[in-house]
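Numbering (the numbering used here), first residue to last: 10 to 1204.
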């Protein structure tokens, strides 16, 4: 994920927003005589971002409800919306009022939620109705329910009443058992969670209380390593400065420690000995886990509260003995519970297209029923005089004194009833078993994907995760891959490489000593402190820093003080095997900040202590204490962060670091024009190497400037609404006229196998687009190193600052692309790469220029988007989805990739260095980008091929059975009597033929893994819908028609004129159909396993056993029918003749089709089959021939 991709992302969990006003006034008085307003005390350093911002390197996603407002993917942001209301107090009706340590009064008026949670959906009373309601959201289930109800009517009772309900009941039961088990596990977890114990202040004493009994307004004490029971505002901690360290792994997956602060006004109070009273006015519960706006009135003072003052449910207290807080959100209103929802539900493309074929089958079903009902009406007209005594109708009842109609409803009603009876008889034309089979197959496919050791990442100990079971087959049809860069293509493990300081480039880094840490250890309290991570250093720069004589020396020292201080890093001492040596582990949410602080330590500027009001930096053995007077976090508009320090020499300085695009606009270039020019040149060189760059500046603050800033900061900090915009304005007012200190270059190395993976994906016909927040030069450099860009590509660059220039640039480039297109089909013979920046996208997305961008991008081989914001990433994906019918995949590792992941047809999260927000929003998750190749080219290909075949096969096997019933109706006066028993009709789709399809759907492989990996071109078969399309469907239906004719009329002609009963023929037809469809399946199996043999041949045996068992029951129709007919040779000859007669035409067509017009998969199977028997030279010749075929087909 890219730290510069910032718009629409929120991160307000910064580390220093809890500093107290009294501490600030004490610090500031040491430098300037400044008198703060005591009526408006505040927290110096409280830097809150709005709902669409994120600090540098943050990974938090904004979850504030957008309502019905349309999302603008190209907007610059929406921060201005709140400025007009920033100074308004929120009314009591729009806020939550919490009386400190008075839960009765707090809950008396507002009736806040209790702390009991419930993630289970059902209870004993609601399970049956609610589960059935959810299941019947599938229209097919309603269809079969109607069929079952119709069959209960005496006039329409074709099947036995129990038998007609069994298929639907079986499907509903299986799903209900699964749902009940899952809900039982949830409720068991809820019970354990609700019964956990916490210390709650009751009658001035802390007593143990179950979590579920905690109420809003109560004061809670949490000890080290304990979980937080609810969302609570910190009142005091074991640290004298009010600092508490928390780990939010259970909330957002991030393992780095984060700092939270208690206000000084409450930190000095002991709730157990001194009663705390006051009122907290805060915002209503919302999903934004990185934002919190509130004010607290204590002892007549109003204190502003922000996200650094609240600890959320699910976090763990670390490195802090205890913390005391007041519950503000409980139970279902906590931010964790409000975010307790999965990713949006997605439906696979194959299933969506399957619905089209189901509509065709439904129309075909209606046609069959109409034919039967019309023919029946004609038959009734022709035999009207015979109906009075005909046994089936008995139109008249002569058993009474007066003749009356007995079992006849008139010509018109009889036609209508026959139509409904036809629907009941032919109901399996719509395969209800297909739905349950697809679910089982997807579970099996997911099992093998999860167990695939080639998708296991040892470095992060993470296995492949299948979080959405309903889109497995979509992995085989991907045409576009949209990828983040940082943390996805790269490791997101930053390493400081070089620096430009005072216009001088220091790039000759090297290790010092065997461990790389020589010269950067400091003496601590009875031990030696060393940084945990090695950093290479430049000897010349190290020598300069040890002096402090010239302006150049002081310039370099200020640069590294800025690196050590302008961040939110927390130093943690780690024990080693040597008791005299401790390592300093710099904990922070941004890998960039960690790399810069480790670099400062390597050069002798070691950050050794950070509290709520000061930091201590060891400068070459001398401890220097800096008062942190203010901190403005990184946000998406400024693209920089700043810290205001009270220095040991009694001066106040503001240190700023940020992206070069915004830093040079606030740097006073007139102070040293040559330095600025040299630094810009060095930045260009760093970017061309693929390094991530930051610019550092500084200036001194006068007394009046500091007082003005402090006053504005107080006003902004105390605003309950629009606080982010006001704080941003305050930051902008102080970040100007800076003196340039220098720039840094940090390397983010490519992940292992990324170049090879991108090359394989492109060979497979997949277009790879990279959407990054990095600057253009860095992105281009990474593009070359990852083989996304090649030297032979024609590059088109779109960097514009207005809509009109964007329009002209797009039109000109479209014209240039057309000149490069030489092929008559409109395919670019020259490879073209489009490089576009976020500023241009602001003017293009959500406007009429989208069409021109799409036209240009569709002609390009590669698209590289730089400096893009998160919603712009989603907008790019939407651009392709809305204008094409191809499948899209988005892959990323951080919170600013969530919108892109959820927008794409398939979303993949990387379990990387930046938490699990992307993973939690994804459909699949894995540890490395390179795993995308086996996932798509192997598992995706297999899943698509298997599911496609299974769907077509289900249509075929059910249609065969329905047509056999239809042909029989033609010979029974269209009366809908059936020779096949009710139970055989039911078991046909449940037992006789379902298991083989499931086994094939899970296990079959048309090609081996190695072959698919070595020949990525074979993936294009899925992109072209070769395994499932309209042509295949209609060819399958024609084959079905012939096979039904062979299966029905063969036995009918063989036994014509004999005394064999209808039940015996029905058993013969059933066995012939089952044997035929299973042998049909066996002909198409690519790889046989013992499970496949057991499923196919076992189903045939099971059919014989079931039919014999059914016919052996005297209370069922057709008693002993099978045994009457099976003892003759003709019966077995008919079975064999049906199978041969039905399948030989298919076999012949298949052989000649593969011989005359083989597709790529068939050619590849032949090549793989015979490669071991061929000589090396022959194999080489075959490979050349295959390559020629591939080139001709896909050129």
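All C-beta atoms in this analysis are idealised placements derived from N, C-alpha and C, irrespective of residue type, glycine included.
Taking 8 Å as the upper bound for CB-CB distance, residue 256 and residue 266 are in contact here, some 6 Å apart.
The C-beta of residue 146 has fewer than 16 other C-beta atoms within 10 Å across all chains shown, which makes the residue exposed. 505 is the residue among 509, 581, 505 whose C-alpha sits nearest the C-alpha of residue 545.
When the Cα atoms are used, residue 1048 and residue 1042 turn out to be separated by approximately 10 Å. Proximity to residue 1019 across 1164, 1053, 944 peaks at 944, based on C-alpha coordinates. By the 16-neighbour rule on beta-carbons within 10 angstroms, residue 1164 is exposed. Of the candidates 674, 845, 140, 346, 140 places its Cα closest to the Cα of residue 183. Of the residues 463, 478, 391, 969, the one whose Cα lies closest to the Cα of residue 472 is 463.
Less than 9 Å divides the Cβ of residue 767 from the Cβ of residue 777. Distance check between residue 742 and each of 1106, 650, 755 places 650 closest, using alpha-carbon atoms only. Here residue 1076 carries a helix assignment [DSSP, helix/strand/coil]. Contact between the stretch 1020-1039 and the stretch 992-1000 is absent: fewer than three C-beta pairs spanning the two stretches fall below 8 Å. Within the stretch 877-906, the complete beta strand (DSSP E) runs of at least 3 residues fall at 896-901. C-alpha of residue 775 to C-alpha of residue 906: approximately 20 Å in a straight line.
Scanning 850, 200, 782, 143 for the CA closest to the CA of residue 124 turns up 200. Distance from residue 294 to residue 338 at the Cβ level is roughly 5 Å; contact confirmed, criterion being Cβ atoms closer than 8 Å. Residue 692 carries a helical assignment under DSSP once its states are collapsed to helix, strand and coil. The Cβ atoms of residue 1013 and residue 951 lie closer than 9 Å to each other.
Taking all protein chains shown into account, residue 1024 has 16 or more neighbouring C-beta atoms within 10 Å of its C-beta and is therefore buried. Taking the Cα of residue 611 as reference, the smallest distance to any Cα among 596, 570, 646 is reached at 570.
In terms of Cβ geometry, residue 1059 and residue 1147 form a close pair [threshold 9 Å]. As DSSP reads the structure, residue 515 sits in a beta bridge with 508.
Secondary structure of residue 465 (DSSP, three-state): coil.
DSSP places residue 752 inside the beta strand (DSSP E), whose first and last residues are 748-759.
Using a Cβ distance threshold of 9 Å, residue 1006 and residue 977 do not count as a contacting pair.
Three or more beta-carbon pairs drawn from the stretch 104-111 and the stretch 214-232 are found closer than 8 Å, and the two stretches are therefore classed as touching. Taking 8 Å as the upper bound for CB-CB distance, residue 1126 and residue 1072 are in contact here, some 6 Å apart.
Pairing residue 811 with residue 852, the inter-Cα distance amounts to about 6 Å. Between residue 1066 and residue 988 a beta carbon distance of about 17 Å is seen, past the 8 Å cut, so the two are scored as non-contacting. Listed in chain order, the non-local C-beta contacts of residue 939 below 8 Å within the same chain comprise 760, 761, 762, 763, 765, 766, local neighbours out to five positions each way being set aside. In the three-state scheme derived from DSSP, where H, G and I count as helix and E and B as strand, residue 540 is classed as strand. Residue 1144 is a Cβ neighbour of residue 1081, given a cutoff of 9 Å. Within the same chain, 1013, 1014 come within 7 Å of residue 1096 by CB-CB distance, once the 5 residues on both sides are set aside. The DSSP assignment places 579-584, 590-596, 614-619 as complete runs of the beta strand (DSSP E) inside the stretch 563-620, in order along the chain (cut-off: 3 residues). When C-alpha distances from residue 377 are compared across 902, 985, 713, 507, the shortest belongs to 985.
Residue 1114 sits in a helix when the DSSP states are folded into three classes.
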